[in-house]
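Take a look at the structure below.
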Amino acid sequence: MTPLSLFRLSSGPIRSRLLRDLMLLVASSISLLMLINFVLIEDIKHDLAGNRIDTATALVRDEVLGLLLPVRQQLLILRDGLQNAGIAPADEPALMQRLIPTLTHMPQIAGVIDATADDREYFLRREGDGWLTRRRLPADPTQARLTTWDAGLKRIDSREEASPALPHDRLWFIDAVATPGEVVWSPPYVFASLGVPGVTASIAWPDSDPQRVTALDVTLQSIVDAIEGLDIGADGRAFLFSGEGGIFVPPESSDSTSGDQRADGFFSAQTRLGGPLPFDAVAAWKDAGEPRDDLLRFHSSGEDWWGGFRPLLADDPDGAWVGVVLPVSETLTILQSRWHLIALTALLILGASLS
């Protein structure tokens, strides 16, 4: 037997071993890719959802602040204008001339208040196509005279009614007096004149005696309408809530059909379990310790969701918060649209392992 014949005899087992080793290498490479996919797929979905939610949160913040910042600026302009002109809360004609243009051209402002610590007060808001004013009576501040005006400022009628909530007892007045010269925002509350919830921006006049405060009312509905007009995603949703977990639901909304509905539209996520999406989201956020820098996965209405929660103002975590939620299925759709990139990466890894 020649050496050449020995080599020929052994070539078959060598080929078999090479084929076996190649198949083992391919199988191990595929297994490794599957393991990597299994381990990292949740992180990929988390990152994709995080990017979407961060973008949506920034969009909501910009929209809401774009609505509220002009209110703050207009409040400063009104205060300076009234102060420089020496207009008092009792100077109704001069006040109407100053205040009506603000309400006419800034629809997010629902009403204007000018009040003093001795309970002189002037209030103006829209009333249909005209206006409604309220002035407290000097002899008895718990009584007020309400007057309606047409669009041309012609008096329509006037009446008196009880108004026991005195200005100096109102939270927007107290907070403004505590920091004179600075614009402060109240927590949400129900406006007595409109019967709807909102927030009030107020500013106390420095060195005024008695202390004087000018304030502007903004309804929560105007803020909700601005948010709902944004493009958050096919199935995404954004909403505002308080740091205490309170959520505003418009009375006409389909989300307000539960038996615990209140007339003012406020609900608590802590007491309303298994409710619509925002309530489930905020309840999960509260249970998780109120995170602000990470995503939260929760379940609502038979579906899994990603939720991101950030304070509206970074330096005011006790104030309003922005919630943005996206279905987990949306991140899967994003991944499916990028499967060609994932497959190409897998082939490159496999090719490198065989080279």
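The opening residue of the sequence shown carries number 17 in this note's numbering; numbering runs sequentially from there. All C-beta atoms, glycine included, are put in the ideal place defined by N, C-alpha and C. Here the structure is a predicted model, which means the values were calculated and not measured.
In the DSSP assignment, find the unbroken alpha helix (DSSP H) run with residue i in it and report its ends.
i, result
"residue 114", "108–121"
"residue 299", "293–303"
Got a sec, what are the start and stop residues for the beta strand (DSSP E) residue i sits in?
i, result
"residue 343", "336–343"
"residue 317", "No beta strand (DSSP E) holds residue 317; DSSP gives it neither H nor E."
"residue 244", "Looking at the DSSP string, residue 244 is not in any beta strand (DSSP E); the run it does join, the alpha helix (DSSP H), is 236–244."
"residue 140", "137–143"
"residue 308", "Element bounds for residue 308: n/a, residue is neither H nor E."
"residue 254", "253–258"
Which of helix, strand or coil does DSSP assign to residue i?
i, result
"residue 148", "strand"
"residue 30", "helix"
"residue 125", "strand"
"residue 153", "coil"
"residue 158", "coil"
"residue 23", "No answer about residue 23 holds up, because its pLDDT of 45 lies below 50 and its placement is not dependable."
"residue 86", "helix"
"residue 78", "helix"
"residue 172", "strand"
"residue 248", "coil"
"residue 323", "strand"
"residue 131", "strand"
"residue 102", "coil"
"residue 70", "helix"
"residue 261", "coil"
"residue 233", "strand"
"residue 276", "For residue 276, the predicted model reports a pLDDT of 40, less than 50, meaning its position is unreliable; a value from the coordinates is still stated below. In this structure, residue 276 counts as coil in the three-state DSSP scheme."
"residue 163", "strand"
"residue 40", "helix"
"residue 94", "helix"
"residue 63", "helix"
Between residue i and residue j, what straight-line distance do the alpha-carbon atoms span, to the nearest angstrom?
i, j, result
"residue 164", "residue 339", "40 Å"
"residue 141", "residue 162", "11 Å"
"residue 270", "residue 248", "Only weak support exists for where residue 270 lies, its pLDDT of 39 falling under 50; the value from the coordinates is given anyway. In a straight line, the C-alpha of residue 270 is about 19 Å away from that of residue 248."
"residue 295", "residue 337", "14 Å"
"residue 341", "residue 206", "27 Å"
"residue 257", "residue 302", "12 Å"
"residue 151", "residue 183", "12 Å"
"residue 252", "residue 313", "14 Å"
"residue 138", "residue 335", "28 Å"
"residue 168", "residue 147", "10 Å"
"residue 143", "residue 226", "30 Å"
"residue 120", "residue 93", "15 Å"
"residue 132", "residue 70", "43 Å"
"residue 89", "residue 96", "11 Å"
"residue 129", "residue 230", "6 Å"
"residue 263", "residue 63", "27 Å"
"residue 332", "residue 99", "30 Å"
"residue 193", "residue 80", "26 Å"
"residue 308", "residue 196", "31 Å"
"residue 189", "residue 299", "32 Å"
"residue 326", "residue 73", "8 Å"
"residue 154", "residue 215", "27 Å"
"residue 156", "residue 185", "16 Å"
"residue 246", "residue 91", "27 Å"
"residue 181", "residue 243", "32 Å"
"residue 297", "residue 118", "37 Å"
"residue 344", "residue 322", "6 Å"
"residue 78", "residue 239", "12 Å"
"residue 306", "residue 324", "10 Å"
"residue 159", "residue 68", "53 Å"
"residue 65", "residue 330", "21 Å"
"residue 173", "residue 75", "45 Å"
So within the stretch 177–231, which uninterrupted beta strand (DSSP E) runs reach at least 3 residues, ignoring any that extend past its ends?
213–220
For the structure I just gave you, are there three or more beta carbon pairs, one from the stretch 102–114 and one from the stretch 192–212, closer than 8 Å?
Contact between the stretch 102–114 and the stretch 192–212 is absent, because fewer than three Cβ pairs lie under 8 Å.
On the three-pair Cβ rule with 8 Å, is the stretch 97–105 touching the stretch 195–207?
no
The stretch 310–329 in contact with the stretch 220–240 per 3-pair CB rule at 8 Å
no
Hey, is the stretch 231–244 in contact with the stretch 84–96, meaning 3+ C-beta pairs nearer than 8 Å?
yes
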